[in-house]
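One structure is given below, encoded as structure tokens.
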Amino acid sequence: MGQRGRAKKGVMIAICGLDGSGKTSVVKRLVAELKGRKLKVHHVKEPHIRMLKHLFRLYNDPYIDMLLFAVDRLILQPNIKKMLEEGIVISERCIWDGLCYQGAAGIPWDRILEINRADWKFRFPDLVVILDANPEQAYSRILFSAHRKFKDKWETEDYLRKVRSEFLRLYRHRNKFPGRFHLVDSTETFEDAYRETRRIVFDFLGIK
Numbered sequence: 000m001g002q003r004g005r006a007k008k009g010v011m012i013a014i015c016g017l018d019g020s021g022k023t024s025v026v027k028r029l030v031a032e033l034k035g036r037k038l039k040v041h042h043v044k045e046p047h048i049r050m051l052k053h054l055f056r057l058y059n060d061p062y063i064d065m066l067l068f069a070v071d072r073l074i075l076q077p078n079i080k081k082m083l084e085e086g087i088v089i090s091e092r093c094i095w096d097g098l099c100y101q102g103a104a105g106i107p108w109d110r111i112l113e114i115n116r117a118d119w120k121f122r123f124p125d126l127v128v129i130l131d132a133n134p135e136q137a138y139s140r141i142l143f144s145a146h147r148k149f150k151d152k153w154e155t156e157d158y159l160r161k162v163r164s165e166f167l168r169l170y171r172h173r174n175k176f177p178g179r180f181h182l183v184d185s186t187e188t189f190e191d192a193y194r195e196t197r198r199i200v201f202d203f204l205g206i207k
């Protein structure tokens, strides 16, 4: 099977990017393929608590959003710790998505990072794959997504454009943050985006 023992457990991988960038599809296929190789893989998604989605829709305040996401992340930490003791964690969204989405709403990065401070023992991903999508195409995917009953307040073309700028800023300054960052073009086909994401993840895990 060609697996080296470097990273069969204790590794957290995050797939980040705009809504409509293909995160869900990439994560589902990646998790299935890793499980097919007999690896213990856990899939988590932010927000973790479904009830929070109602609160996001109820309030239109980016600072409330920031605090709700931080609380959700904090509640999830014990579960992530246990999962990492057993195997690999693949996270669909993470702190870096919050940084970019809330940054696009005008909240300074240092304020967001302060709320998600290290002494709360948040687990930062070891590997971050940012799916970079054209905002127009991402918005189109959201509109035509069969399983979506309605759009979230962040899902406008203008807002997605601002968020993409924040993700590109994050990638430019990636050396200031923990973990290894990669940027993958997800504008073209799903297969292209998945193939490149798979290559990055498998290389990081030491899987041939």
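Once you know that position 200 of the sequence shown is 199 in numbering that gives the first Met the number 0, the rest is easy, because the numbers rise by one and skip nothing. Quick reminder that beta carbons are idealized off the backbone N, C-alpha and C, glycines included.
- Looking at the DSSP output, isoleucine 89 bridges to Ile12, His42.
- Assigned with DSSP and collapsed to three states, histidine 181 falls in strand.
- In this structure, DSSP gives aspartate 18 a state outside helix and strand, which the three-state scheme calls coil.
- Remark: fewer than three beta-carbon pairs, one from each stretch, lie closer than 8 Å, so the stretch 153–169 and the stretch 32–40 are not flagged as touching.
- Taking the C-beta atoms as reference points, leucine 98 is found no nearer than 8 Å to isoleucine 12.
- Taking a C-beta distance under 8 Å as the contact criterion, glycine 16 and alanine 103 do not qualify as a contact pair.
- Looking at the DSSP output, valine 128 bridges to Ile14, His181.
- Per DSSP, alanine 137 is one residue of the alpha helix (DSSP H) stretching across 134–142.
- Assigned with DSSP and collapsed to three states, phenylalanine 123 falls in coil, not helix or strand.
- The beta carbon of leucine 67 is closer than 8 Å to those of Pro46, Leu51, Leu54, Phe55 in its chain, skipping five residues each way along the sequence.
- Closest in alpha carbon position to lysine 175, among Lys8, Leu112, Ile74, is Leu112.
- Nearest to isoleucine 199 by C-alpha distance, out of Lys8, Gly21, Leu29, Ser24, is Leu29.
- For the pair alanine 192 and aspartate 184, the Cα-to-Cα distance works out to about 6 Å.
- Scanning the stretch 35–82 from its first residue to its last, the whole alpha helix (DSSP H) runs of 4-plus residues come out as 50–57.
- Judged by DSSP in its simplified three-state form, alanine 31 adopts helix.
- For leucine 142, the number of other beta carbons within 10 angstroms of its own is below 16, and it is reported as exposed.
- Contact between proline 124 and serine 90 holds: CB atoms are separated by about 6 Å, below the 8 Å threshold.
- Non-local C-beta neighbours of isoleucine 94 in its own chain, meaning closer than 6 Å and more than five positions away in sequence, comprise Asn115, ordered along the chain.
- With fewer than 16 other CB atoms across the displayed protein chains lying within 10 angstroms of its CB, alanine 31 is exposed.
- Burial check for serine 139: the Cβ neighbour count within 10 Å stays below 16, so the residue is exposed.
- Glycine 19 sits buried, since 16 or more C-beta atoms from the chains shown fall within 10 Å of its C-beta.
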